[in-house]
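Asks: Below: one structure in structure tokens.
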Amino acid sequence: MPVLLDHRSAAQNARPTLVGLTRAELAVRLGEIGVEPARQAMRADQLWRWIYHHGARDFSAMTNVAKELRGALADAFVLDRPTVSARQVSTDGTRKWLIRLADGAEVETVFIPDVARSGALCVSSQVGCTLTCTFCHTGTQRLVRNLTAAEIVAQVMIARDDLGEWPTSNDDRLLTNIVFMGMGEPLYNLDNVVAAIDIIADGDGISISRRRITVSTAGVAPKIPELGARTGAMLAISLHATSDELRDQLVPLNKKYDLESLFAAIRAYPSLGNAKRVTFEYVMLKGVNDAQADAKALVRLLKNIPAKINLIPFNPWPGAPYECSDWDVIEAFAAHLNRAGYASPIRTPRGRDILAACGQLKSETIKARASARVDA
27 MPVLLDHRSA AQNARPTLVG LTRAELAVRL GEIGVEPARQ AMRADQLWRW
77 IYHHGARDFS AMTNVAKELR GALADAFVLD RPTVSARQVS TDGTRKWLIR
127 LADGAEVETV FIPDVARSGA LCVSSQVGCT LTCTFCHTGT QRLVRNLTAA
177 EIVAQVMIAR DDLGEWPTSN DDRLLTNIVF MGMGEPLYNL DNVVAAIDII
227 ADGDGISISR RRITVSTAGV APKIPELGAR TGAMLAISLH ATSDELRDQL
277 VPLNKKYDLE SLFAAIRAYP SLGNAKRVTF EYVMLKGVND AQADAKALVR
327 LLKNIPAKIN LIPFNPWPGA PYECSDWDVI EAFAAHLNRA GYASPIRTPR
377 GRDILAACGQ LKSETIKARA SARVDA
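Offset between the sequence shown (1-based) and the numbering used here: plus 26.
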């Protein structure tokens, strides 16, 4: 059952938060409280390091900032994160946060620990989703709006608060990777995703390498090369089918950008090679896309593309029209891909008990929270 929290949010405070802002935005805020233009860039750099390297929650901690300026900052701004409405921890160590934004909209963020001392944070880029992928519960929700860059970055801040990862260190770090695989289609919010990646990857702050940041798209073909040129991030494609006929059913966006246009865009992604492979996500649906013929077709489709394939056992949700493929079928599918020379790990379902697995985000959490209130 979710743990319901009652944290104060920036929406309940008249002072705006500085968390999630770019250096240029921080400089503008400093100008608003009277810092002269010649000193704004330097002061912005100081704030940047305190916010994103140290994770400061209080201006009084900023010991290399003049006391008078600290007071002016505290009078005008806060360092609050958005409200955490609910926090859950799975039996496998997966953590999920339901985050309430300033306007009351909610998104979910999931941390998935690895067997070694590392882990990936799955962040959302939109409230809801405009796509209607038929195997994804998140896709049954309407799109509310895009997240701002600050709201994307705030998800990382909240996770690092909870994991106790301030100040930034490259030693024994738990949160090592960022994946844009949460709610929403990142390429329909590209400007804010780019700005967020710039903040997350900055070496003076959160400092997560662009090679450890992956952006997953359902196939917004025209934006794919632009994503690579602007971010240098790793690319993941939510594929799930090897024919236009089936992909039209599973991923309706395919009707707009078919496999031919999608793969032309993938081949145009900057710096592709063995050191920078495309990840193809393939959810295993019983009797739908899991035959050996599908595996052979997938090998043909990926010819000459540096790639790895994540095979994802389908995570069921109430009313879902699909079942997960049998395990021996998934293993046989993976074996064929391996023989063809493709790394094809079977993704172990994580966080199912707290509805944090792939395709399960938010809808069921809202129901669970409502149920918890009724039970109380």
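Just so you know, even glycine gets a beta-carbon here, dropped at the ideal spot from N, CA and C.
Might you give, ordered along the chain, the residues of its own chain that have their beta carbon closer than 8 Å to the beta carbon of V29, omitting 5 neighbours on each side?
Replies: Only weak support is given to the placement of V29: the predicted model assigns it a pLDDT of 45, under 50, and the question is left unresolved by the model.
Asks: Hey, quick one: how far does the beta strand (DSSP E) through K337 stretch, first residue to last?
Replies: Note that residue 337 is Leu in the sequence shown here, rather than Lys. A333 to P339 is the extent of the beta strand (DSSP E) around L337.
Asks: I'd like to confirm the pairing. Which residues does DSSP put opposite F206 in its beta bridges?
Replies: V241
Asks: Restricting to runs no shorter than 4 residues, where is the alpha helix (DSSP H) found entirely within the stretch 92-177?
Replies: 93-102
Asks: Taking the alpha-carbon positions, what's the H79 to D352 distance?
Replies: 46 Å
Asks: Thinking just about the alpha-carbon of each residue, which of R303, N203, A317 and Y308 is nearest to the one in N330?
Replies: R303
Asks: Between G154 and P139, how many whole angstroms is the CB-CB distance? I'm expecting something under 8 Å.
Replies: Rounded, the Cβ-Cβ distance is 27 Å, inconsistent with contact.
Asks: Mapping DSSP to helix, strand and coil, what is G57?
Replies: helix
Asks: Mind reading off the beta-carbon distance from G145 to T194? Whole number of angstroms is fine, and I expect it under 8 Å.
Replies: The pair is not a contact, with the Cβ atoms about 15 Å apart (cut-off 8 Å).
Asks: Let me check understanding here. Comparing Cα to Cα, which of A180, A358 and A247 lies closest to T135?
Replies: A180
Asks: Compute the distance between the beta-carbons of I178 and A222, then report whether it is under 7 Å.
Replies: yes
Asks: Three-state secondary structure (DSSP) at T268?
Replies: coil
Asks: Please check the pair R238 and N203, which I expect to be a contact at CB under 8 Å, by giving their CB distance rounded to whole angstroms.
Replies: Indeed they touch by this definition, with Cβ atoms about 5 Å apart.
Asks: Along the alpha helix (DSSP H) that carries M68, what are the first and last residues, could you check?
Replies: P63 to W74
Asks: Using three-state DSSP, classify Y308 as helix, strand or coil.
Replies: strand
Asks: Less than 8 Å between C-beta atoms, sequence neighbours within five positions excluded: which residues of the same chain meet that for L364?
Replies: Correcting the residue identity first, residue 364 is Asn in this sequence and not Leu. Closer than 8 Å at the Cβ level, and outside the excluded window around N364, lie S370.
Asks: With distances taken from CA atoms, which of A82, D188, L73 and R171 is nearest W123?
Replies: D188
Asks: How long is the line joining the alpha carbons of E94 and A175, rounded to whole angstroms?
Replies: Between E94 and A175, the C-alpha separation is close to 30 Å.
Asks: Which partner residues of K281 appear in the DSSP bridge assignment?
Replies: Looking at the DSSP output, K281 bridges to nothing.
Asks: Please report how far the alpha carbon of D32 lies from the alpha carbon of R107, in whole angstroms.
Replies: At D32, the pLDDT of 40 sits below 50, so the modelled position is not reliable and the matter cannot be decided from this model.
Asks: Thinking E349 and F340 are a contact (beta carbons under 8 Å), I'd like their distance in whole angstroms, please.
Replies: 7 Å
Asks: Can you give me the start and stop residues for the alpha helix (DSSP H) that E252 sits inside?
Replies: I250 to T257
Asks: Going by other Cβ atoms of all chains shown within 10 Å of its Cβ, with 16 needed for buried, is G345 buried or exposed?
Replies: The residue in question, G345, is exposed, as its Cβ has fewer than 16 Cβ neighbours within 10 Å.
Asks: Exposed or buried, what is R293 when buried is set at 16 or more other beta-carbons lying within 10 Å of its beta-carbon?
Replies: exposed
Asks: Indicate whether the contact test is met: 3 or more Cβ pairs, each with one atom in the stretch 237-255 and one in the stretch 201-218, closer than 8 Å.
Replies: yes
Asks: Work out the CA separation of K312 and N247 for me, nearest whole Å.
Replies: Per the sequence shown, residue 247 should be read as Ala rather than Asn. Using only the alpha carbons, I get a separation of about 28 Å.
Asks: Pick from A323, I356 and V182: whose alpha carbon is nearest that of M310?
Replies: Of A323, I356 and V182, the smallest CA-CA separation from M310 is found for I356.
Asks: In its own chain, which residues sit with a C-beta less than 6 Å from the C-beta of Y283, not counting the 5 before and 5 after it?
Replies: G245 and A247
Asks: Can you tell me whether M68 is buried or exposed? The criterion is at least 16 other CB atoms within 10 Å of its CB, across all chains shown.
Replies: exposed
Asks: Could you spell out where the alpha helix (DSSP H) holding W343 opens and where it closes?
Replies: Membership of W343 in any alpha helix (DSSP H) is not indicated, and neither H nor E is assigned to it by DSSP.
Asks: Measure the Cβ-Cβ separation of I335 and F306 and say whether it is below 7 Å.
Replies: yes
Asks: Classify A323 as helix, strand or coil using the three-state DSSP reduction.
Replies: The three-state secondary structure of A323, taken from DSSP, is helix.
Asks: Indicate the three-state DSSP secondary structure (helix, strand or coil) for I232 in the structure shown.
Replies: DSSP places I232 in coil when its eight states are reduced to three.
Asks: Under the rule that 16 or more other beta-carbon atoms within 10 Å means buried, what is D414, buried or exposed?
Replies: No answer is possible for residue 414: it lies beyond the span of the chain, which begins at 27 and ends at 402.
Asks: Measure how close the beta-carbons of L105 and R83 come, nearest whole angstrom, since I'm counting them as under 8 Å.
Replies: 5 Å
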